[in-house]
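This note's numbering puts the first residue of the sequence shown at 1, with every later residue one more than the last.
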Amino acid sequence: MAAQHLIAAPAISGGERGLVVVIGVIALLALAFAASLVKEVLKADQGTAKMQEIAKAVQEGAAAYLNRQFRTLAVFSVIVFILLLFLPVNHGGFSVQLGRALFFIVGAVFSASVGYIGMTLATRANVRVAAAARGGGRERGFHVAFRTGGIVGMLTVGLGLLGASVVLFAYNQNAPTVLEGFGFGGALLAMFMRVGGGIFTKAADVGADLVGKVEAGIPEDDPR
Numbered sequence: 001m002a003a004q005h006l007i008a009a010p011a012i013s014g015g016e017r018g019l020v021v022v023i024g025v026i027a028l029l030a031l032a033f034a035a036s037l038v039k040e041v042l043k044a045d046q047g048t049a050k051m052q053e054i055a056k057a058v059q060e061g062a063a064a065y066l067n068r069q070f071r072t073l074a075v076f077s078v079i080v081f082i083l084l085l086f087l088p089v090n091h092g093g094f095s096v097q098l099g100r101a102l103f104f105i106v107g108a109v110f111s112a113s114v115g116y117i118g119m120t121l122a123t124r125a126n127v128r129v130a131a132a133a134r135g136g137g138r139e140r141g142f143h144v145a146f147r148t149g150g151i152v153g154m155l156t157v158g159l160g161l162l163g164a165s166v167v168l169f170a171y172n173q174n175a176p177t178v179l180e181g182f183g184f185g186g187a188l189l190a191m192f193m194r195v196g197g198g199i200f201t202k203a204a205d206v207g208a209d210l211v212g213k214v215e216a217g218i219p220e221d222d223p224r
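Take a look at the structure:
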């Protein structure tokens, strides 16, 4: 019992709870800033009809990949949820086990949301970057591209801080155990999406090389 008592985290004081609330507010501000960047990026010009036609094909391919990937990852997430639900904890009993499992799902959903929104915006922003560079040069293209990247960064930080602050506020000294589930959910989905995304982009690269070689006579790995 003494050893278990040493493992328990200290309770969060009133002043520390205030800091947790401040962190939660910062997280909400980051999400609001990301939303404002989304509106700014999507208002940019999409270029010519031919550019929009090509962009639509890219968007459809990316959406098909994401939908298939998330259906597969949902199965793994359910299995891990069940394992975390019944895996014992040192303190807090079943309520902490349930919180750890539930926040694993929350972390997984947050990670999947960042990936889905990021890739969806990237496939919509690329044509806008090309149109901006075509009409206003490198600086205007960089302006759109930089804001698109900023959206993903703000979403990642905002959702991560928001989830962590909610866990700390709700579970107090049992928060470290619940944070294990939250962090594991985010990391697990990110790992699978990174590997799957690498395979998908390589397949798209090979396909683009073949189409360029056959239809346009462009040599493989040509800068064009």
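All residues carry an ideal CB built from backbone N, CA and C; glycine is no exception.
- Taking a contact as a CB-CB distance under 8 Å, the pair G198 and S111 does not count as one, their CB atoms being some 16 Å apart.
- Distance between A101 and V157, taken at the CA atoms: about 22 Å.
- Between I151 and L121, the CB-CB gap stays under 8 Å.
- The beta carbons of G163 and F182 sit closer together than 8 Å.
- Annotated as distal: V127 and G18, with beta-carbon spacing of 8 Å or more.
- About 7 Å separates the beta carbon of I105 from that of S77, a gap short enough to meet the 8 Å contact definition.
- Under the criterion of beta carbons closer than 8 Å, V114 and L159 qualify as touching, at roughly 6 Å.
- Counting C-beta pairs with one atom in each stretch, the region 138-148 and the region 18-29 have fewer than three that are closer than 8 Å, which means they do not touch.
- The C-beta of M193 has 16 or more other C-beta atoms within 10 Å across all chains shown, which makes the residue buried.
- Under the DSSP assignment, Q46 falls outside any alpha helix (DSSP H); it carries neither an H nor an E label.
- Just so you know, the alpha carbons of L179 and I54 end up roughly 43 Å apart.
- Spatial neighbours of A108 in its own chain (CB-CB distance under 6 Å, excluding positions within 5 residues in sequence) are listed in chain order as S77, G185 and L189.
- N67 sits in a helix when the DSSP states are folded into three classes.
- Counting only runs of 3 or more residues that sit fully inside the region 76-137, no beta strand (DSSP E) segment turns up.
- Between T123 and A203, the gap from beta carbon to beta carbon reaches 8 Å or more.
- In terms of CA proximity to A133, M51 leads the group Q173, D209 and M51.
- Remark: C-beta atoms of V167 and F103 approach each other more closely than 8 Å.
- In this structure, A125 is the residue among L161, A125 and A131 with its C-alpha nearest to the C-alpha of L42.
- Taking all protein chains in view, the Cβ of S165 is crowded by 16 or more other Cβ atoms within 10 Å, so the residue is classified as buried.
- The three-state reading of DSSP puts P176 in helix, counting H, G and I together.
- A direct Cα-Cα distance of roughly 44 Å separates L37 from N90.
- Within 10 angstroms of the beta-carbon of M119 lie 16 or more other beta-carbons, which makes it buried.
- In the same chain as A34, and ignoring 5 residues on each side of it, the C-beta atoms closer than 6 Å to its own belong to I151, M154 and L155, in chain order.
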